[in-house]
Amino acid sequence: MMAGRRQTGPPDEGFLIPALSAIFGWLKGLSLGEYLAKRTRTDADRYRVVEVYVLSWLALEAVLFLYLALALPRGGTLGFGVVAALVSILMGYRYLDISQAVLNGVLFDRVRGEATGTSLERSLVLTVANYLESGLIFTALAYLAGSAFFPPLKSAAGALFYSFGMAVRFNPPAVAVGAWSQLLLVAQVVITLTLLLVLVARTVMVLLAPRGR
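For the sequence shown, numbering that gives the first Met the number 0 gives the first residue as 0, with consecutive numbering after it.
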């Protein structure tokens, strides 16, 4: 009779979850918000720092949108190329920052034993803010890659309608025809679906939570 296999670890854990947890833990370490939050002394201070961090990004993204709409001339000039590169790097960083924050908050912080006791209502509000941010991020990136869409996105307003048309209805008014615009499309679909799923789940949890808990 064959001896049973000896259990050497958690029965529901293979290699995938620990590997993803390590990757997203590394991404968490690159977050400026996480760096600032770690230097607080109390949970209340940590929550305030995170909220100011998220709102600061929202404000920055709104200012960038206005700059792109009103002050940055389109064209193949060196100035436009430099601004486009800097904005793309900044928005790419924030995209990764939001992704790690959401997935760590939902999944991987628990795996690493780093989960915090933040309220459901606060988590819901931060998810909504991240959702709005993702739309502004892809507004900027779509505007900078305007010629890679059909019809071309010639204005910041057109890029705004494209991005939020994608985020709200998954039916943008332009088609991604270039390699860069197609990459943006895939990235936006991934983050939008993730945020929508988390948003629905947290909304249900808030509605079902007992009152006065």
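Glycine included, every Cβ here is placed at the ideal spot set by N, Cα and C.
Using a 10 Å radius around the Cβ and a threshold of 16 neighbouring Cβ atoms, would you call T126 buried or exposed? Classification for T126: buried.
Determine contact between the stretch 170–184 and the stretch 109–124, defined as no fewer than three beta-carbon pairs at a distance below 8 Å. The way I'd put it, the stretch 170–184 doesn't touch the stretch 109–124; fewer than three beta-carbon pairs between them come closer than 8 Å.
Could you tell me if M204 is buried or exposed, where buried requires 16 or more neighbouring beta carbons within 10 angstroms of its beta carbon? If you draw a 10 Å sphere on the C-beta of M204, you find fewer than 16 other C-beta atoms in it, and that means exposed.
Just the Cα atoms here: how many angstroms apart are L194 and F79? Going by the C-alpha atoms only, they are around 32 Å apart.
For F169, name the three-state secondary structure that DSSP assigns. It is coil, neither helix nor strand.
Inter-residue Cα distance where the pair is M90 and T41: Their backbone Cα atoms lie some 30 Å apart in a straight line.
Relative to the C-alpha of V86, which candidate in W25, L59 and S118 has its C-alpha closest? V86 has its Cα closest to that of L59, out of W25, L59 and S118.
Where are the beta strand (DSSP E) runs, 3 residues long or more, that stay fully inside the stretch 10–58, in chain order? Look at the stretch 10–58 and you find no whole run of beta strand (DSSP E) that is 3 residues long or longer.
Relative to the C-alpha of L67, which candidate in G145, V105 and W25 has its C-alpha closest? Of the candidates G145, V105 and W25, the one whose C-alpha sits nearest the C-alpha of L67 is G145.
Below-8 Å beta-carbon distance, L196 vs any chain B residue: Here chain B cannot be found, since the structure has a single protein chain.
Can Y130 and L198 be called in contact, C-beta distance under 8 Å? Between Y130 and L198, the gap from beta carbon to beta carbon is short of 8 Å.
Separation of L207 from L71, as counted between CA atoms: L71 and L207 have their C-alpha atoms spaced approximately 48 Å apart.
Out of S20, V53, A18 and S133, state which residue places its alpha-carbon closest to the alpha-carbon of V189. Per the Cα distances, S133.
Where does A156 sit, in a helix, a strand or coil, going by DSSP? A156 falls in the helix class under three-state DSSP.
Pick from V62, L135, G177 and P150 that is closest to Q187, judged by C-alpha positions: L135 is the residue among V62, L135, G177 and P150 whose C-alpha sits nearest the C-alpha of Q187.
Short Cβ contact (8 Å threshold) for L119 with R45: Inclusion of L119 and R45 in the CB contact set at 8 Å is not warranted, their separation being larger than that value.
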